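Working notes, beginning with the structure itself.
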Amino acid sequence: MGLGAEAALGDSIVTTKLDHAINWGRSYSLWPMVFGTACCGIEFMSVAGAKYDLSRFGAEVVRFSPRQADLLIVAGTISYKQAPILKKIYEQMCEPKWVISMGACACSGGFYDNYTTLQGIDQIIPVDEYVAGCPPRPEAVLDAIMRIQEKANDESIIKDRVKDYKGFLDA
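Numbering follows this note's numbering, in which position 57 of the sequence shown is assigned residue number 58; successive positions increment by one, without gaps.
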């Protein structure tokens with residue numbers, strides 16, 4: 002026997018916290034934007050295809066506008082010339098926003114240890130999940146998306162997620 006509204010109305014009402022209801026909706030309706038610059042972008046295409054079926058996780062609405070996306074997937078090599086563009090795209094995304102760094106080049110510069118290649122996108126934007134590999138397996142990308150869903154379920158709608166982050170492009 003329940004207390005309060007459940008006792009009076011039976012099974013026709015459900016009570017929950019506002020955080021739980023909003024986070025449930027957020028976690029199962031991720032809208033990714035793919036910043037694909039190299040071979041990892043092609044690997045992401047296989048994740049969105051029929052065999053791996055990204056839509057099972059509620060992330061099939063791939064957006065190409067940062068204002069309509071809340072999950073940024075950086076797939077491929079990022080040069081220092083692209084770094085300000087990537088930062089601007091990240092800043093234009095709506096809150097809350099999450100970032101997946103996909104592949105060895107986006108995570109650590111890969112085998113490009115030179116003066117033009119950014120040695121990890123975490124130098125300019127905060128990263129929530131890293132997907133290793135060159136190229137990474139589609140299963141690893143799906144695993145990162147499931148971990149983002151878990152993070153979205155456990156957050157508060159009041160708390161600012163990354164207020165203390167400072168990248169090298171920040172003043």
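The C-beta atom is built at its ideal place from N, Cα and C for all residues, glycine as well.
Every value quoted in this text rests on a predicted model; they were computed, and no experiment measured them.
For Asp54, I'd like the list of residues in its chain whose CB is within less than 6 Å of its CB, leaving aside the five on either flank, ordered along the chain. none
Segment limits, beta strand (DSSP E) that includes Leu72: 72 to 76
Tell me where the beta strand (DSSP E) around Val132 begins and ends. 130 to 132
Can you say whether Lys98 is buried or exposed, counting buried as having 16 or more other CB atoms within 10 angstroms of its CB? By the neighbour-count criterion, in which 16 or more other beta carbons inside 10 Å mark a residue as buried, Lys98 falls on the buried side.
Can the beta-carbon of Leu87 be found less than 8 Å from the beta-carbon of Ile122? yes
Option nearest Leu143 by Cα separation, candidates Phe36, Asp20, Gln124, Gly50: Gly50
Among the residues of its own chain, which have a CB less than 7 Å from the CB of Gly110, if the five just before and after it don't count? Thr118, Leu119, Gln120, Gly121
Through-space distance from Ser30 to Phe58, alpha-carbon basis: 8 Å
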